[in-house]
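Read through the structure below, which is laid out as structure tokens, and then see the notes.
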Amino acid sequence: MKKVSFSIKTFGCQMNERDSEIMGQLLAERGYVESMDMNDADVVIVNTCSIRAKAEQKAMSLLGALRKVKKKRPGMRICVAGCVAQQEGLELCERMPHVDLVLGTQNLYALADLLTSLDGTPKLAINLSDSYEIPAFIPTLAALPHSSADHIEQAPAPAARPFRKFLTIMQGCNNYCTYCVVPYTRGREVSRKVTDILDEAHALVDAGICEITLLGQNVNSYGRTNPVTADGGRYTFSQLLRDVAAIPGLQRLRFTTSNPQDLSSELMRCFGEIAILCPQFHLPVQSGSNAVLSRMNRRYTRELYLQQVQELRSVRPDIALSTDVIVGFPGESDADFEQTMELLEEVRFHSSFSFKYSDRPGTRSTGFADKVDELVKSERLSRFQHRQDEICLEQNLLYLGKSLPVMIEKQSEEGMVGRTESNHIVHIAESLACVPGDIVRVTIHHAGHHSLNGRLIPPQQKGAA
Ligand code: 5AD
Ligand code: SF4
Numbered sequence: 004m005k006k007v008s009f010s011i012k013t014f015g016c017q018m019n020e021r022d023s024e025i026m027g028q029l030l031a032e033r034g035y036v037e038s039m040d041m042n043d044a045d046v047v048i049v050n051t052c053s054i055r056a057k058a059e060q061k062a063m064s065l066l067g068a069l070r071k072v073k074k075k076r077p078g079m080r081i082c083v084a085g086c087v088a089q090q091e092g093l094e095l096c097e098r099m100p101h102v103d104l105v106l107g108t109q110n111l112y113a114l115a116d117l118l119t120s121l122d123g124t125p126k127l128a129i130n131l132s133d134s135y136e137i138p139a140f141i142p143t144l145a146a147l148p149h150s151s152a153d154h155i156e157q158a159p160a161p162a163a164r165p166f167r168k169f170l171t172i173m174q175g176c177n178n179y180c181t182y183c184v185v186p187y188t189r190g191r192e193v194s195r196k197v198t199d200i201l202d203e204a205h206a207l208v209d210a211g212i213c214e215i216t217l218l219g220q221n222v223n224s225y226g227r228t229n230p231v232t233a234d235g236g237r238y239t240f241s242q243l244l245r246d247v248a249a250i251p252g253l254q255r256l257r258f259t260t261s262n263p264q265d266l267s268s269e270l271m272r273c274f275g276e277i278a279i280l281c282p283q284f285h286l287p288v289q290s291g292s293n294a295v296l297s298r299m300n301r302r303y304t305r306e307l308y309l310q311q312v313q314e315l316r317s318v319r320p321d322i323a324l325s326t327d328v329i330v331g332f333p334g335e336s337d338a339d340f341e342q343t344m345e346l347l348e349e350v351r352f353h354s355s356f357s358f359k360y361s362d363r364p365g366t367r368s369t370g371f372a373d374k375v376d377e378l379v380k381s382e383r384l385s386r387f388q389h390r391q392d393e394i395c396l397e398q399n400l401l402y403l404g405k406s407l408p409v410m411i412e413k414q415s416e417e418g419m420v421g422r423t424e425s426n427h428i429v430h431i432a433e434s435l436a437c438v439p440g441d442i443v444r445v446t447i448h449h450a451g452h453h454s455l456n457g458r459l460i461p462p463q464q465k466g467a468a
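Right, dumping it as structure tokens:
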């Protein structure tokens, strides 16, 4: 009998990428096979993101294109998952009658059952509960990674041997930054049980994973909103980092994302104390102006942020810092924006993600007065990005001549590509018999804006420079 095929297209954040992997595994366990061609799959899952207007539009245009595909192949089943599904629910079914299943962010694990119950009428599963518990989940690496293709015509690349994975440690968020949909689409913050996380981490390492990134909307507050241990005692994110880092065989550990308001000195010290914790930290600042931060309901000041940067750099001088910035938040004046530019000069981030503010449904800032003109937003964004680009290059030039460990990701026509502990991509114009996840030492001989070039150091010269 022909097996039922599925294809998953993921939009948005790493959280969604991980959710897509979970859905892929759940379907593979029920005998579905992943299709490399979305146009040909029996079941198509569009895992959506609504964090910014642009991300939502992309998902919507893919869904629009799928309408035509389904006309030709009426047996095809289309499932919309993720934040847009959660938020739009019934409206989505009305706007997109070719959608068969709308799957909310807390209904992920019911996917396979829901698919078998489809009877031609659209189904909604979008329950969002304050007492949600993330189910225990043991990953099998047999399930292929989901598609990361950006458009319907592009097929996902064939799976390479996986060597690094995301591990979700919590869901939702309680912070209610005024611009952000996450508390509404992913619900209240809930932390997974320590034992479930450690079981999953052990399973990953046993399956050959060398690098794990712990994921949550605000990992710094792990364990604060619900008990995560059997005795209900205090257990912090720093402890979790130590416990995961102690798993034999794991070589690199990262985490994302953090909110400065919950960043403790205990966590910052981890960068000096946990050998496999990579010297790389994503600490979203959003704005350099205290007035804007306050209207964003970000409960820290520019001064506290700068102090944290200093503390992190004193613990780990080689730490590579990255951030998120929103320009054109309602009421952001020229002077406010200049403060963001000044903060950029002071911190000199290794990289950043910057966005024009967009109204999101249900958020408080949507109702704020003094919306910034689109043209002004675009000008601010390009000024910020232009200067950040220059700083990226200036920071990358500091790696010239350094000898660094690089984890190999893939062989390319030109040689090999890997990543430093600081998360910089390194191109190596030589090839070596090795598999993804192996660590080699290289000397950096060229720095570009977004990547480095290195030469292999023969093993006998290890420890040089
Ligand atoms: N408009 C623009 N950017 C936003 N972000 C979140 N919500 C919005 C919005 N309404 C950005 C923030 C956040 C990142 C994931 O997306 O910078 O850190
Ligand atoms: Fe959104 Fe703020 Fe929560 Fe981050 S901390 S997910 S920006 S509400």
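Following this note's numbering, the numbering of the sequence shown begins with 4 at its first residue and continues without gaps.
Just so you know, even glycine gets a beta-carbon here, dropped at the ideal spot from N, CA and C.
Backbone secondary structure at residue i - three-state DSSP
{"i": "residue 82", "result": "strand"}
{"i": "residue 87", "result": "helix"}
{"i": "residue 516", "result": "One cannot answer for residue 516 here, as it falls past the ends of the chain, which runs 4 to 468."}
{"i": "residue 37", "result": "strand"}
{"i": "residue 173", "result": "strand"}
{"i": "residue 389", "result": "helix"}
{"i": "residue 456", "result": "strand"}
{"i": "residue 236", "result": "coil"}
{"i": "residue 162", "result": "Per-residue confidence for residue 162 stands at a pLDDT of 49, beneath the threshold of 50, marking its modelled position as unreliable; the derived number appears in the next sentence. Three-state result, residue 162: coil."}
{"i": "residue 474", "result": "Nothing about residue 474 can be reported from this structure: the residues present for the chain run from 4 to 468 only."}
{"i": "residue 60", "result": "helix"}
{"i": "residue 198", "result": "helix"}
{"i": "residue 50", "result": "strand"}
{"i": "residue 408", "result": "strand"}
{"i": "residue 316", "result": "helix"}
{"i": "residue 150", "result": "Note that residue 150 scores a pLDDT of 39, beneath 50, so its modelled location is shaky; the value from the coordinates is reported in the next line. The answer is strand: DSSP assigns residue 150 an E or B state."}
{"i": "residue 231", "result": "coil"}
{"i": "residue 113", "result": "helix"}
{"i": "residue 214", "result": "strand"}
{"i": "residue 222", "result": "helix"}
{"i": "residue 394", "result": "helix"}
{"i": "residue 92", "result": "coil"}
Within 7 angstroms, strictly: CB atoms of residue i and residue j
{"i": "residue 450", "j": "residue 399", "result": "yes"}
{"i": "residue 118", "j": "residue 105", "result": "no"}
{"i": "residue 38", "j": "residue 8", "result": "yes"}
{"i": "residue 257", "j": "residue 281", "result": "yes"}
{"i": "residue 303", "j": "residue 251", "result": "no"}
{"i": "residue 218", "j": "residue 171", "result": "yes"}
{"i": "residue 392", "j": "residue 353", "result": "no"}
{"i": "residue 322", "j": "residue 356", "result": "no"}
{"i": "residue 127", "j": "residue 29", "result": "no"}
{"i": "residue 46", "j": "residue 76", "result": "no"}
{"i": "residue 373", "j": "residue 334", "result": "yes"}
{"i": "residue 420", "j": "residue 430", "result": "yes"}
{"i": "residue 206", "j": "residue 142", "result": "yes"}
{"i": "residue 259", "j": "residue 287", "result": "no"}
Rounded distance between the beta-carbons of residue j and residue i, thought under 8 angstroms
{"i": "residue 181", "j": "residue 366", "result": "6 angstroms"}
{"i": "residue 363", "j": "residue 184", "result": "4 angstroms"}
{"i": "residue 212", "j": "residue 165", "result": "7 angstroms"}
{"i": "residue 359", "j": "residue 330", "result": "6 angstroms"}
{"i": "residue 277", "j": "residue 309", "result": "So it is not a contact: roughly 24 angstroms between Cβ atoms."}
{"i": "residue 169", "j": "residue 313", "result": "Not really, about 30 angstroms apart at Cβ, beyond 8 angstroms."}
{"i": "residue 111", "j": "residue 84", "result": "7 angstroms"}
Query raised in the report: Can you give, in chain order, each stretch of the beta strand (DSSP E) that sits fully within the segment 247-306 and has at least 3 residues?
Result: Listed in chain order, the complete beta strand (DSSP E) runs (minimum 3 residues) inside the segment 247-306 are 255-259, 283-285.
Query raised in the report: Which runs of the alpha helix (DSSP H), 4 residues or longer, sit entirely within the segment 319-368?
Result: Annotation: the segment 319-368 contains the following complete segments of the alpha helix (DSSP H) (minimum length 4 residues), in chain order: 337-350.
Query raised in the report: Per the contact definition of three or more C-beta pairs closer than 8 angstroms, is the segment 219-238 in contact with the segment 173-181?
Result: Because the criterion of three Cβ pairs below 8 angstroms is met, the segment 173-181 and the segment 219-238 touch.
Query raised in the report: At a cut of 8 angstroms, does the segment 16-27 reach the segment 35-53 through at least three beta carbon pairs?
Result: Segments in contact, yes.
Query raised in the report: Quick check: the segment 374-390 against the segment 405-424, are there 3 or more CB pairs under 8 angstroms?
Result: Output reads no: the segment 405-424 does not touch the segment 374-390.
Query raised in the report: Are three or more beta carbon pairs between the segment 189-197 and the segment 231-251 nearer than 8 angstroms?
Result: The count of Cβ pairs closer than 8 angstroms, one atom from the segment 189-197 and one from the segment 231-251, reaches three, so the stretches are in contact.
Report task. Please confirm if the segment 432-448 is in contact with the segment 410-419, defined as three or more CB-CB distances below 8 angstroms between the two stretches. Result -> The segment 432-448, when compared against the segment 410-419, does touch it at the 8 angstroms Cβ threshold.
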